[in-house]
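Participant: Reading the sequence shown from the start, the letters are residues 422 to 636 in my numbering.
Starting off with a structure, shown below.
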Amino acid sequence: MVLDKPTTRILVVVVSLFVAIKANALYSVMDTGDLLPEGQFRANLETQLITDHDDGVNLMGRFDSWFSDDSNIRGVVGFGTTDLYLAGFYKWVPYPDAEGQPAIGIAAGLSYARYEIEEETLGELSLRFHPIISKKFVVDMGELTPYGSLPFGIASRDGETDFPVQAVGGVEWKTSQWQKLTFSAEVGFNVNEAFSYFSLGAQLYFDWENGIVLE
């Protein structure tokens, strides 16, 4: 089939618009439905490999803190393929992990991202929602906490509004040797106006009284 010039031009415009509206902010979850007790903190370092047409690598750091008996707060900073990413989240878990019941909660927050598209620097402000479900299992090699999420949001940049959605699955692993250091793997799939990725992370748990103790 041979397309005439007007049809070809229309297809080029449509494809260009589709590529342009895909979100370039640094989206990932790296969290379970578990909550930090009062006085305990968690630091996370994540390396994210973007696997679709906007392939690249991002590095993110997170800091989590207790807020109430059923909620935590989180700060995030990142850079890489996304020039700069800043975010703050409030996580509420009304249904904690218990016998016969997974943890069910949601994290909500605001994020700001700065990145370049076709040599133009853009800023993106996004309202984010991360519903989370997870369940901890004790195994021979420690504890495994698989989790799932369907993160979505409303993103505004350069006068345009996007609605990025992803499907995310991951697992956090606490070894038998290190009680305060855990490791995570996460995969995300683009559902709408977002991107697909694979991430590896590590979490360090600590408190002011005992400091940083791995064992």
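Built from N, CA and C at the ideal position, the CB exists for glycine as well.
Note that this is a predicted model, so its numbers are computed, not measured.
#1: May I ask whether a heavy atom of the ligand ATP can be found less than 7 Å away from the beta carbon of D452?
#2: Which runs of the alpha helix (DSSP H), 4 residues or longer, sit entirely within the stretch 478-511?
#3: Please go through the same chain and pick out, in chain order, the residues whose beta-carbon is closer than 6 Å to the beta-carbon of V435, but skip the five residues on each side of it.
#4: In terms of alpha-carbon separation, which member of Q522, A528, W513 lies closest to S449?
#5: Leaving out the 5 sequence neighbours to the left and right, which residues in its chain are closer than 8 Å to V478 when beta-carbon positions are compared?
#6: Is it the case that the stretch 575-585 contacts the stretch 595-609, given that we only count it when at least three CB pairs across the two stretches are under 8 Å?
#7: What is the DSSP secondary structure of Y448, counted as helix, strand or coil?
#8: May I ask you to report which of helix, strand or coil DSSP gives I442?
#9: Opposite L543 in the DSSP bridges: which residues?
#10: Nearest-angstrom Cα distance between S559 and M451?
Facilitator: Per the coordinate set shown:
#1: The model depicted lacks the ligand ATP and carries no ligand whatsoever.
#2: none
#3: The sequence position of residue 435 within the sequence shown is 14, counting from 1. Because the pLDDT of V435 is 31, which lies under 50, any placement of that residue in the model is unreliable, and the question is left without a value.
#4: The sequence position of residue 449 within the sequence shown is 28, counting from 1. It is A528 whose Cα lies nearest to the Cα of S449.
#5: Position 57 of the sequence shown, counted from the first residue, corresponds to residue 478. Here the set comprises T468, Q469, L470, I471, G501, T502.
#6: no
#7: By 1-based counting over the sequence shown, the position of residue 448 is 27. Three-state DSSP puts Y448 in coil, outside helix and strand.
#8: Working through the sequence shown from its first residue, we reach residue 442 at position 21. Low confidence applies here, because I442 scores a pLDDT of 36, under 50, leaving its location unreliable; read the following figure in that light. The answer is helix: DSSP assigns I442 an H, G or I state.
#9: Working through the sequence shown from its first residue, we reach residue 543 at position 122. Answer is Y536, bridged to L543.
#10: Here residue 559 corresponds to residue number 138 of the sequence shown, with the count starting at 1. Here residue 451 corresponds to residue number 30 of the sequence shown, with the count starting at 1. Reading the sequence as shown, one finds Val at residue 559 and not Ser. Roughly 20 Å between the two C-alpha positions.
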